Amino acid sequence: MTTIRPSQPQDVPDIAAIYAHHVLVGTGTFETEPPALRDMADRRADILAKGLPYLVAVDGNKVLGFAYCNWFKPRPAYRFSAEDSIYLAPAAQGQGLGRVLLNELASQAERSGVRKLIAVIGDSSNLGSVAVHRSVGFRPVGVLKSCGWKFDRWLDVVLMDMPLGPADSCSPH
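Position in the sequence shown (first residue = 1) + 26 = my numbering.
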């Protein structure tokens, strides 16, 4: 049975392997070299130190996917807007797991004080990612044409967002 839970240090090797696959064969991330295991552990620790969620979907002890959010930009005015990231193992794709993982991420991000969740989706042909974001309530807000170069071709970035909680209807204080 698949469950969603907070990531643990022992999940990092599986997280790194899933991400490495997407770096090497996918266009959802514009990284071109898989980060070292230590780098992935440091990235996870940074997210958690900010009080933001870093989740895994697991079946038993096997990590099937992960999702986290990080502040959209470092300047203080952006402190209520976060960018989500979600990656699934190839065998876990197309089964609805991404939607479950992203829904839980949005819930936990809202509890962390996030008012706007932003998707910065690599490659406008990444229809699976666009669809999973749309399925949980994200709306398209724009496309940055040809702003990434990977696999010897120009790639777009699709921007989507979703308000959380009271969103912009009131002051965050």
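Backbone N, C-alpha and C define an ideal beta-carbon position, used for all residues, glycine too. Owing to the predicted nature of the structure, the values given are computational and were not obtained by experimental measurement.
- Straight-line spacing of the CA atoms in L143 and R105 works out to 11 Å.
- When secondary structure is reduced to three states using DSSP, M188 falls in the strand class.
- For the pair of segments examined, the region 158-167 was found to touch the region 179-187: the number of CB pairs separated by less than 8 Å reaches three.
- The criterion of a C-beta distance shorter than 8 Å is not satisfied by A108 and V158.
- Apart from sequence neighbours up to five positions away, the residues of its chain that approach A67 with a beta-carbon distance below 6 Å are V38, ordered along the chain.
- Assigned with DSSP and collapsed to three states, V49 falls in helix.
- By the neighbour-count definition (other C-beta atoms within 10 Å, threshold 16), G124 is a buried residue.
- Straight-line measurement puts the Cα of A118 at about 10 Å from the Cα of T28.
- For E130, the enclosing alpha helix (DSSP H) starts and ends at L123 to R137.
- Residue pairing from DSSP places L170 in a beta bridge opposite V183.
- Taking the C-beta atoms as reference points, N96 is found no nearer than 8 Å to I112.
- Of the residues P198, V89, F177 and S161, the one whose Cα lies closest to the Cα of I44 is V89.
- For G91, the enclosing beta strand (DSSP E) begins and ends at K88 to W97.
- Collapsing the DSSP output to three states places V38 in a helix.
- Annotation for P32: P79, Y80, L81 and V82 place their beta carbon closer than 8 Å to its own, counting only its chain and skipping 5 residues before and after.
- Counting along the chain, V84 sits inside no alpha helix (DSSP H); it lies in the beta strand (DSSP E) bounded by residues Y80 to D85.
- For the options E59, S195, S138 and S150, the alpha carbon positioned closest to that of A75 is the one of S138.
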